[in-house]
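Count along the sequence shown starting at 1, add 450, and that's the number in the numbering used here. Glycine residues also receive a C-beta, built at the ideal position from the N, C-alpha and C atoms. Taking it in order: structure first as structure tokens, then the write-up.
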Amino acid sequence: MSSNTDLSRLSAVQTRLADALAQAGRTTDSCELIVVSKTQSAERMRALVQGQTLHFGENYLAEALDKIPQVSDAIWHFIGAIQSNKTAAIAENFDWVHTLDRGKIARRLNDQRPDTAEPLNVLIQVNVDNEPSKAGVGFDDIAPLAATIAELPRLRLRGLMSIPAPSDDPAQAHRALREALEKLQDAHPDATELSMGMSGDMPQAVAEGATFVRIGTAIFGPRQPKDTH
Ligand SMILES: *Cc1c(COP(=O)(O)O)cnc(C)c1O
Numbered sequence: 451m452s453s454n455t456d457l458s459r460l461s462a463v464q465t466r467l468a469d470a471l472a473q474a475g476r477t478t479d480s481c482e483l484i485v486v487s488k489t490q491s492a493e494r495m496r497a498l499v500q501g502q503t504l505h506f507g508e509n510y511l512a513e514a515l516d517k518i519p520q521v522s523d524a525i526w527h528f529i530g531a532i533q534s535n536k537t538a539a540i541a542e543n544f545d546w547v548h549t550l551d552r553g554k555i556a557r558r559l560n561d562q563r564p565d566t567a568e569p570l571n572v573l574i575q576v577n578v579d580n581e582p583s584k585a586g587v588g589f590d591d592i593a594p595l596a597a598t599i600a601e602l603p604r605l606r607l608r609g610l611m612s613i614p615a616p617s618d619d620p621a622q623a624h625r626a627l628r629e630a631l632e633k634l635q636d637a638h639p640d641a642t643e644l645s646m647g648m649s650g651d652m653p654q655a656v657a658e659g660a661t662f663v664r665i666g667t668a669i670f671g672p673r674q675p676k677d678t679h
């Protein structure tokens, strides 16, 4: 796939996001596009930058650490599963973490965030469908984890994130996350971000208030299996 194609698809996604925001009566700058670049090469990522500051979302730490130095002026979001022995490199190399769901990981990220950097922006991942095999806290566990994070000076609690199960009515899970954020804001008014919406459900997520959408396939096309790269 040529990087020219990637660039025109990125631009089409940016237009679709702007349209979805307009449709929802929201301003263009009220939702940020995260380009989900897992399994994609640094070269393909660099070709998308073209003078714009892009947000990239990465799931696999080793792969991300290889690419981050090769793609300059980007904002980096960690959106993958966090193993506790990998927290130092996440704390040192990313601007945002979307997948925080345990106090132990929060404390490690806090302790390992370099003093020279701004506090790390974190989102609590919520298991909106209550699927036993899935990462994320249940709705009732958001408040206690938020209280833990609020005590940690090197972390900044910014909001909530979800990966809903595919559904005929994606708006339902999005609405539930938005309502959970509104509740969280009683105690944590600075938590204003909602990370939800992927290639398949972006307009619905925007209509329900997403402030970050995470888009991979609609920009790069279908991903190759990771182990062939
Ligand atoms: C892969 C991934 C995405 C992007 O999904 P697409 O369907 O390719 O747009 C978004 N969020 C997370 C957490 C992911 O792992």
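Let me confirm a value: residue i is counted as buried when at least 16 other C-beta atoms fall within 10 Å, else exposed. Which label applies?
{"i": "Ser583", "result": "exposed"}
{"i": "Gln575", "result": "buried"}
{"i": "Ser487", "result": "buried"}
{"i": "Glu629", "result": "exposed"}
{"i": "Lys554", "result": "exposed"}
{"i": "Ala660", "result": "buried"}
{"i": "Glu620", "result": "Per the sequence shown, the amino acid found at residue 620 is Pro instead of Glu. The residue in question, Pro620, is buried, as its Cβ has 16 or more Cβ neighbours within 10 Å."}
{"i": "Ala641", "result": "buried"}
{"i": "Glu581", "result": "exposed"}
{"i": "Thr678", "result": "Here Thr678 scores only 45 on pLDDT, less than 50, and its place in the model should not be relied on; the value that follows carries that caveat. Per the 10 Å Cβ criterion, exposed."}
{"i": "Glu643", "result": "buried"}
Return yes when the C-beta of residue i is under 6 Å from any heavy atom of ligand 1, and no when it is not.
{"i": "Thr667", "result": "yes"}
{"i": "Ile529", "result": "yes"}
{"i": "Ser480", "result": "no"}
{"i": "Asn454", "result": "no"}
{"i": "Asn577", "result": "no"}
{"i": "Asn580", "result": "no"}
{"i": "Met648", "result": "yes"}
{"i": "Val656", "result": "no"}
{"i": "Val463", "result": "no"}
{"i": "Val587", "result": "no"}
{"i": "Arg494", "result": "no"}
{"i": "Val663", "result": "no"}
{"i": "Ile613", "result": "yes"}
{"i": "Val486", "result": "yes"}
Would you kindly check if the distance between the Cβ of residue j and the Cβ of residue i is under 7 Å?
{"i": "Leu573", "j": "Gly530", "result": "no"}
{"i": "Ile525", "j": "Thr549", "result": "no"}
{"i": "Ile613", "j": "Val463", "result": "no"}
{"i": "Val578", "j": "Ala623", "result": "yes"}
{"i": "Ala492", "j": "Val521", "result": "yes"}
{"i": "Arg563", "j": "Ala541", "result": "yes"}
{"i": "Ala668", "j": "Ser649", "result": "yes"}
{"i": "Leu511", "j": "Lys536", "result": "yes"}
{"i": "Val656", "j": "Leu471", "result": "yes"}
{"i": "Leu467", "j": "Leu483", "result": "yes"}
{"i": "Ala593", "j": "Leu607", "result": "no"}
{"i": "Asp551", "j": "Gly507", "result": "no"}
{"i": "Pro569", "j": "Arg604", "result": "yes"}
Could you tell me the boundaries of the alpha helix (DSSP H) in which residue i lies?
{"i": "Ile540", "result": "Thr537 to Asn543"}
{"i": "Val486", "result": "Element bounds for Val486: not the alpha helix (DSSP H) but the beta strand (DSSP E), Glu482 to Val486."}
{"i": "Gly553", "result": "Gly553 to Gln562"}
{"i": "Arg496", "result": "Ala492 to Val499"}
{"i": "Ile599", "result": "Ile592 to Ala600"}
Check for me: the beta strand (DSSP E) holding residue i runs from which residue to which?
{"i": "Arg625", "result": "Premise fails: Arg625 lies in the alpha helix (DSSP H), Pro620 to Ala637, not in any beta strand (DSSP E)."}
{"i": "Thr477", "result": "Here Thr477 belongs to no beta strand (DSSP E), and DSSP marks it neither H nor E."}
{"i": "Glu508", "result": "His505 to Glu508"}
May I ask whether a heavy atom of ligand 2 can be found less than 6 Å away from the beta carbon of residue i?
{"i": "Asn509", "result": "In terms of ligand content, the structure shown lacks ligand 2 and carries ligand 1 instead."}
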